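Protein chains: 6
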Amino acid sequence: MPYVKIELTREGVSREQKQTLISGITNLITEVLDKDPKLTHIVIQEIELDDWGYAGEQVSVLREKGITANKQQ
Amino acid sequence: MPYVKIELTREGVSREQKQTLISGITNLITEVLDKDPKLTHIVIQEIELDDWGYAGEQVSVLREKGITANKQQ
Amino acid sequence: MPYVKIELTREGVSREQKQTLISGITNLITEVLDKDPKLTHIVIQEIELDDWGYAGEQVSVLREKGITANKQQ
Amino acid sequence: MPYVKIELTREGVSREQKQTLISGITNLITEVLDKDPKLTHIVIQEIELDDWGYAGEQVSVLREKGITANKQQ
Amino acid sequence: MPYVKIELTREGVSREQKQTLISGITNLITEVLDKDPKLTHIVIQEIELDDWGYAGEQVSVLREKGITANKQQ
Amino acid sequence: MPYVKIELTREGVSREQKQTLISGITNLITEVLDKDPKLTHIVIQEIELDDWGYAGEQVSVLREKGITANKQQ
Chain Y
1 MPYVKIELTR EGVSREQKQT LISGITNLIT EVLDKDPKLT HIVIQEIELD DWGYAGEQVS
61 VLREKGITAN KQQ
Chain R
74 MPYVKIELTR EGVSREQKQT LISGITNLIT EVLDKDPKLT HIVIQEIELD DWGYAGEQVS
134 VLREKGITAN KQQ
Chain G
147 MPYVKIELTR EGVSREQKQT LISGITNLIT EVLDKDPKLT HIVIQEIELD DWGYAGEQVS
207 VLREKGITAN KQQ
Chain V
220 MPYVKIELTR EGVSREQKQT LISGITNLIT EVLDKDPKLT HIVIQEIELD DWGYAGEQVS
280 VLREKGITAN KQQ
Chain W
293 MPYVKIELTR EGVSREQKQT LISGITNLIT EVLDKDPKLT HIVIQEIELD DWGYAGEQVS
353 VLREKGITAN KQQ
Chain L
366 MPYVKIELTR EGVSREQKQT LISGITNLIT EVLDKDPKLT HIVIQEIELD DWGYAGEQVS
426 VLREKGITAN KQQ
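Chains as they are written, first to last, in the numbering used here: chain Y, 1 to 73; chain R, 74 to 146; chain G, 147 to 219; chain V, 220 to 292; chain W, 293 to 365; chain L, 366 to 438.
As structure tokens, this is what we get:
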């Protein structure tokens with residue numbers, strides 16, 4: 001009986017990216033825990049940049065300063 | 074001190090249906106647990122169909138295939 | 147696709163009371179929203195009294211002062 | 220590793236008020252728990268008044284009756 | 293800025309299985325969304341079987357009846 | 366109507382520290398948003414170190430490697 005909630009800043013995640021997350025996490029849980037996928041629910045919630053705080057600052061402010069969350073090369 | 078969160082796919086739930094859920098659940102908790110209703114908060118969150126995954130697929134895709142969540146007759 | 151989370155202070159809720167909450171809320175959602183009960187998951191989480199704050203005070207402190215959450219007669 | 224979620228009724232909270240909450244809570248956690256602010260994430264979620272139930276009623280209904288959540292003088 | 297919460301029934305998930313979930317989901321999010329893994333937090337919460345309701349019944353009752361959540365062969 | 370959830374790794378947070386967080390956050394919300402503290406609920410949830418993943422690793426593993434979440438001097 002798994003339930004998964006994913007909270008993300010709203011920064012242009014596409015429908016296809018959401019589907020990839022949903023199928024990938026469901027497959028991982030099915031394999032690792034041997035859970036029936038019909039008992040696995042995944043909810044994605046996108047959060048406005050004014051509504052996410054990191055290190056004491058709104059992400060919208062961090063983005064205005066040019067600070068991103070991208071994977072560093 | 075109860076707090077209840079209800080997450081639902083966004084599929085046309087009316088204001089009256091929400092009120093029925095809120096009053097029904099508050100009454101149930103008041104009766105079963107003898108809790109003061111003034112200490113009972115209920116939050117409903119509707120989730121877009123692209124953002125809910127079930128059995129590894131977006132609910133929007135399931136609905137396009139004609140698969141509903143309705144009670145089976 | 148409903149998911150319901152119930153957070154309660156840990157104050158002696160019995161297995162039977164939990165079952166009554168689970169069946170009552172599932173029935174209410176099934177009736178009001180016409181949802182298949184097999185798509186309805188309900189999670190109960192009991193919270194220690196030191197870990198719940200109300201009006202700026204720990205519930206454990208409120209209980210020591212004789213303040214309860216019981217329905218007022 | 221703190222994560223904080225704040226759920227509020229959507230009643231005109233400004234960007235500046237959100238920033239004050241984010242910086243104030245991050246500072247408090249940093250001081251009280253000695254946590255690195257770069258490990259502290261805070262998410263604010265505003266809830267429509269039809270979607271928040273208090274004492275068995277939608278907040279939208281309470282507001283129509285003139286009942287507010289303001290601090291009492 | 294992703295935060296992921298995984299709720300599971302408490303049925304013997306090992307430390308290694310948890311690590312596999314954490315690394316697998318973090319890698320998936322890093323690849324699909326190009327997010328810095330240092331901004332990705334994942335929280336696993338195991339739920340007692342009396343505290344999870346499915347289709348109106350406690351999972352503990354379903355397990356006593358021999359109904360499992362295992363992937364069907 | 367604010368509800369706040371604080372998730373923390375379980376690393377020896379004392380009852381007094383929890384009370385300081387609860388009163389501090391309630392006061393902040395009362396001041397910034399002019400909310401009645403009797404409508405403000407705060408829930409603290411401590412998470413085992415095996416159950417929190419950061420940057421793809423369990424916090425228990427990070428701690429074994431000597432990596433802490435303490436504020437850097």
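For glycine and all other residues, C-beta sits at the position ideal for the given N, C-alpha and C. Just so you know, these numbers come straight off a predicted model, no measurement behind them.
Chain R has a Cβ within less than 8 Å of the Cβ of D180(G). The shortest CA-to-CA distance from T141(R) to any of K181(G), V189(G) and Y200(G) is the one to K181(G). Around the beta-carbon of G418(L), 16 or more other beta-carbon atoms lie within 10 Å, marking it buried.
Under the three-state reduction of DSSP output, E411(L) falls in the strand class. Proximity of the segment 114–123 of chain R to the segment 90–102 of chain R meets the contact definition, three or more beta-carbon pairs being nearer than 8 Å. Neighbours of T259(V) across chain Y, judged by C-beta separation under 9 Å: G53, Y54, A55 and G56.
Counting the other CB atoms within 10 Å of its CB gives E89(R) a total below 16, which places it among the exposed residues. Among the bridge pairs identified by DSSP, N435(L) is matched with K254(V). With contacts defined as CB atoms closer than 8 Å, P294(W) and E46(Y) fail to qualify as a contacting pair. For G24(Y), the secondary structure class from DSSP, reduced to helix, strand or coil, is helix. Against chain Y, the CB of K237(V) has a partner CB under 8 Å away; the residue lies at that interface. Residues of the same chain with a CB within less than 7 Å of the CB of V378(L), apart from the 5 flanking positions on each side, are E411 in chain order. DSSP places T186(G) outside both helix and strand once states are collapsed to three, so it counts as coil. I79(R) reaches chain G at P148 and V150, counting residues in chain order whose Cβ is nearer than 7 Å. Counting only residues of its own chain and dropping the five nearest sequence neighbours on each side, V278(V) has a CB closer than 6 Å to the CB of T228, L268 and W271. In this structure G66(Y) is exposed. Its beta-carbon is surrounded by fewer than 16 other beta-carbon atoms within 10 angstroms. In this structure, G56(Y) is the residue among K71(Y), P37(Y), G56(Y) and L28(Y) with its C-alpha nearest to the C-alpha of T245(V). For the options I102(R), E84(R) and V77(R), the alpha carbon positioned closest to that of K217(G) is the one of I102(R). For V4(Y), the uninterrupted beta strand (DSSP E) run begins and ends at Y3 to T9, by DSSP.
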